[in-house]
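Chains as they are written, first to last, in the working numbering: chain U, 1 to 306; chain C, 1 to 306. Ideal Cβ positions, reconstructed from N, Cα and C, are used throughout, including at glycine. Here the structure is a predicted model, which means the values were calculated and not measured. The structure appears right after this line, and notes come after that.
There are 2 protein chains.
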Amino acid sequence: MSTRQLVVLGTASQVPTRTRNHNGHVLLWDELGILFDPGEGTQRQLTHAGLPVSRIDHVCITHAHGDHCLGLPGVLQRRALDGLSAPVTVHHPRPAADTIARLRDATPYEATAPVVLRGVELASTAPLDLGPVTLRAAPLEHGEPAVGWRIDEPDGWRADPELLAAARVPGPLRRELLREGRVEVDGRMVRREEVAVPRPGQSMAFVMDTRDCDGARELAAGVDLLVIEATFLDDQRALAEEVGHLTATQAARIGAECGARRVVLTHFSQRYPDLTEHLAQARAAAPGLDIHVAADLDRVDVPPRR
Amino acid sequence: MSTRQLVVLGTASQVPTRTRNHNGHVLLWDELGILFDPGEGTQRQLTHAGLPVSRIDHVCITHAHGDHCLGLPGVLQRRALDGLSAPVTVHHPRPAADTIARLRDATPYEATAPVVLRGVELASTAPLDLGPVTLRAAPLEHGEPAVGWRIDEPDGWRADPELLAAARVPGPLRRELLREGRVEVDGRMVRREEVAVPRPGQSMAFVMDTRDCDGARELAAGVDLLVIEATFLDDQRALAEEVGHLTATQAARIGAECGARRVVLTHFSQRYPDLTEHLAQARAAAPGLDIHVAADLDRVDVPPRR
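Written out as structure tokens, the structure reads:
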């Protein structure tokens, strides 16, 4: 069984509360683990979530504000303390490079593995191959230079075991057939479309700290799982616009209008102890959309493949 | 009523657990608040403890290891977010100056008040006047350059209201009499010792991450409240010596042999989920000593004045 799941570590915005830790979201994609925006306390939230720090292969940071990255030193130092030798890559907007380097070297410790820092331009970037998925960024609109992130699994093929057997394709050649599109069996050419159907790749987007903007919509377009900030309610629409944040209504509309299949709202202002109204306003804005108002330590599955 | 109380924010050592946050201890001394060694998550632990960040006037850091200072940026940034205009001073060992400056400037934010960094030598320092108390440091023995801290209230006098009345000292002159030692009343000289008895000042020491050493004992000498690390049990005595830490037995002995009145053990290795044995070994090492094994969010009073 594949595990493709979002683990919510923290749902606060600038100010943590008794029930909400600072930002922190992990995407588990089978063996791959990607940590988004580790706010302060992420190291301990991983423990509360039952996730060892060895599950983190990549870190993606949207911008340099403390509530989105002050947990980075603890995560990196804990990897060293656990003796991990695998490198970890920290992807971040290039203008945040000095901040991220400062956090990598925040306090003295003995590193056991390379920490690779990778700055991206404030633009729609080319996909980077992470193995089972690709990673790309798009610019967001916040006070601080910011990008959102998107994960895409390449489209593939799903073989039909009966058709494979009927076509008499031996086991060792089946992988090659799916990968290459054709394979020769006893002098016959067997083509992929004879024994398999297209399998659309799954996708996920992380859209944090932004106004409604082209980049947010590009990231959200047709994703299976959209994790998106909903700092405010409609009552603070003007404030949201001023400081570069979204309301629950706006977040839900982006999800619906861009065809996201499941939408996770997070990053809530401390002025809202209760989040009932976030769900109500989001549902009113996007009737029928699959909306989840996140709580710390929630686990939300990527929806089953189309 | 005066409040002189230790608020325990976190009792973990390097690795936080489900029940123990990283280090963090606040001393409330009436209106004065001193935060010792803010580890990661201190900002949120203050909320759990019901303490606003405005209660913190000084921060004292023992050394540059992350579990003792990675929470500093969050505390400083939260002060700004709350719009505080009072300056805060961060006292630290001078060799940690670069680390502390890096943490002060970790991520971009708009400061609303000065953050004063004050490095002290790795030596027994002269007392610094903080108003109601003085602050001094003494060197500890850890891998990283480290100092412990001590708070002393100056000795004073406690006036006897009946003797004051009998001596016919008018209200406005009573403060002056206690402060100056004598005052003239209707041509008579009234001396302090005629109407008051000496009032010994209270004291507190914070001894973290060290082997048993002269500095630790100098700090602990005769204090009312000793907060001291007890990372290990006797089974790890050799490891403790090697890495510069104390066992519960050693910590209790320091407390007893130095005449501390109440001893708070903290900074526990994650290898000990249960701390019953810490109390047992400490009690066996120092029978009759007032020992408290700290848990997160505990409040421990400074013992009543002698």
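Short CB-CB distance (under 7 angstroms) between residue i and chain U
i	result
C/P38	no
C/A240	no
C/P132	no
C/P303	no
C/L70	yes
C/T99	yes
C/G74	yes
C/R79	no
C/P273	no
C/P16	yes
C/R299	no
C/R55	no
C/R175	no
Cutoff 7 angstroms; reference residue i; Cβ partners in own chain excluding five residues on either side
i	result
U/S269	S13, T231 and F232
C/S54	D82 and L84
U/R253	A285 and A286
U/E277	L233
U/G143	V243 and G244
C/A49	V7, L9 and L297
U/P139	L122, A123, V147 and G215
C/P198	D155 and W157
Element boundaries [beta strand (DSSP E), containing residue i]
i	result
U/I151	A146 to D152
C/R299	R299 to D301
C/E184	R182 to V185
U/R262	R262 to T266
C/T89	V88 to P93
C/D212	C/D212 -> no beta strand (DSSP E), and no H or E assigned at all.
C/R78	Run containing C/R78: none in the beta strand (DSSP E); it sits in the alpha helix (DSSP H), L72 to L81.
U/G39	No beta strand (DSSP E) contains U/G39, which DSSP labels as neither H nor E.
U/R118	V115 to V120
Bounding residues of the alpha helix (DSSP H) (the contiguous stretch that carries residue i)
i	result
U/T231	Where U/T231 is concerned, there is no enclosing alpha helix (DSSP H), given that its DSSP letter is neither H nor E.
U/Q250	A248 to E257
U/E193	R192 to V195
C/T99	A97 to R104
C/R283	T276 to A285
8 angstroms Cβ shell around residue i - same chain, five flanking residues per side excluded
i	result
C/G131	L32
C/L178	G156, W157, A159, R192 and A196
U/D30	S2, T3, R4 and P132
U/S203	R150, I151, D152, E153, G222, V223, D224 and L225
C/T17	Q270 and P273
U/R104	L72, P73, L76, V90, V115 and L117
Cross-strand partners of residue i (DSSP beta bridge)
i	result
U/M204	U/I151 and U/L225
C/I34	C/L27 and C/H58
U/D129	U/T134
U/A370	Outside the modelled stretch of chain U, which goes from 1 to 306, sits residue 370 of chain U, for which no answer is possible.
C/L239	In DSSP, C/L239 forms no bridge with anything.
C/R4	C/W29
Three-state secondary structure assigned by DSSP to residue i
i	result
U/T11	coil
C/A49	coil
C/V169	coil
U/H292	strand
C/Q270	coil
U/R188	strand
U/L140	strand
U/H22	coil
C/A123	coil
U/A64	coil
Any non-hydrogen atom of the ligand SAH within 6 angstroms of residue i CB
i	result
C/A216	The ligand SAH is not part of the structure shown, which contains no ligands of any sort.
C-beta neighbour in chain C for residue i, strict 7 angstroms
i	result
U/A64	yes
U/G41	yes
U/Q270	no
U/P108	yes
U/R102	yes
U/R262	no
U/R217	no
U/R94	no
U/R44	yes
6 angstroms CB neighbourhood of residue i in its chain, flanking five on each side removed
i	result
U/H91	C60 and R118
U/F36	H25, C60 and F206
C/T99	A64
C/H58	I34 and T89
U/P114	P87
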